[in-house]
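Novice: Take the position in the sequence shown, starting the count at 1, then add 954; the result is the number in this note's numbering. We put the CB at the ideal spot given by N, CA and C, even for glycine. Here you go, one structure.
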Amino acid sequence: MNIALIDCNNFYVSCERLFQPKLEKQPVIVLSNNDGCVVARSNEAKALNIKMGQPFYQIKNFCQQHNVQTFSSNYELYGDISARVMQTIAKFSEQQEIYSIDESFILLNQVNIDTTAELIHTTIKKNIGIPVSIGIGKTKVLAKFANNLA
955 MNIALIDCNN
965 FYVSCERLFQ
975 PKLEKQPVIV
985 LSNNDGCVVA
995 RSNEAKALNI
1005 KMGQPFYQIK
1015 NFCQQHNVQT
1025 FSSNYELYGD
1035 ISARVMQTIA
1045 KFSEQQEIYS
1055 IDESFILLNQ
1065 VNIDTTAELI
1075 HTTIKKNIGI
1085 PVSIGIGKTK
1095 VLAKFANNLA
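In structure tokens form, the structure reads like this:
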């Protein structure tokens, strides 16, 4: 048996991009309550060296100069999309452990785990629009490690 960790990529940013596809390939950040700190970053924002947890007031001018799209958190939206992702994942395994708003472990009994992982990835992207990474291992730790490599 194998354990898979399905992790939504840059989850809050991916949720914002669902409703504004023009944001693809652009630097995007999502801020905490009261727009205090950075809580999510697109890969493009990471490439600009914007750090997780960084106070927004410290980078506000930088974001304007580099055309970083900035959003206030919308936790109701993120919770709704998370529920849809988790329901989709549950269809692939009888044993699911939701680890966080954007991560879930499942037990994979299938013979062809690569095909199953690709099907999970494709189904979530097609039906919900959220990109995911999937790591597979014999333990949760190994699945998490494999997911980081993915």
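Expressed to the nearest angstrom, what Euclidean distance is found between the alpha-carbon atoms of N906 and K976?
Specialist: As shown, the chain starts at 955 and ends at 1104. That puts residue 906 outside it, with no answer to give.
Novice: List, from N- to C-terminal side, the alpha helix (DSSP H) runs of 4 residues or more that fit wholly inside the stretch 1062–1093.
Specialist: The qualifying runs are 1067–1081.
Novice: Using the Cβ count rule (16 or more neighbours within 10 Å means buried), how would you classify V1095?
Specialist: V1095 is exposed by the Cβ-count criterion.
Novice: May I ask you to verify whether the stretch 1005–1012 touches the stretch 964–972, counting CB pairs closer than 8 Å and requiring at least 3?
Specialist: no
Novice: Residues in the same chain with beta-carbon distance under 7 Å from F1046, minus the five sequence neighbours each way, listed in chain order, please.
Specialist: The residues are I1060, T1070, I1074.
Novice: I'd like to confirm the pairing. Which residues does DSSP put opposite F1099 in its beta bridges?
Specialist: Its beta-bridge partners do not exist; DSSP assigns none.
Novice: Within its chain, find whatever has a CB closer than 8 Å to the CB of Q1049; leave out the 5 residues flanking it on each side and keep chain order.
Specialist: I1060, L1061
Novice: Please confirm whether N956 and K1098 have their CB atoms less than 8 Å apart.
Specialist: Cβ atoms of N956 and K1098: not closer than 8 Å.
Novice: What separation, rounded to the nearest whole angstrom, lies between the Cα atoms of F1016 and S1036?
Specialist: 31 Å
Novice: I need the DSSP call for P1009, collapsed to helix, strand or coil.
Specialist: The answer is strand: DSSP assigns P1009 an E or B state.
Novice: Can you tell me which of the three DSSP states I1043 falls into?
Specialist: helix
Novice: Tell me where the beta strand (DSSP E) around C962 begins and ends.
Specialist: 956–962
Novice: Over what stretch of residues does the alpha helix (DSSP H) that includes L972 continue unbroken?
Specialist: 965–973
Novice: Could you tell me the boundaries of the alpha helix (DSSP H) in which E998 lies?
Specialist: That run of the alpha helix (DSSP H) goes 997–1001.
Novice: If you follow the beta strand (DSSP E) that E1051 is in, where does it begin and where does it stop?
Specialist: Where E1051 is concerned, the enclosing beta strand (DSSP E) stretches over 1050–1054.
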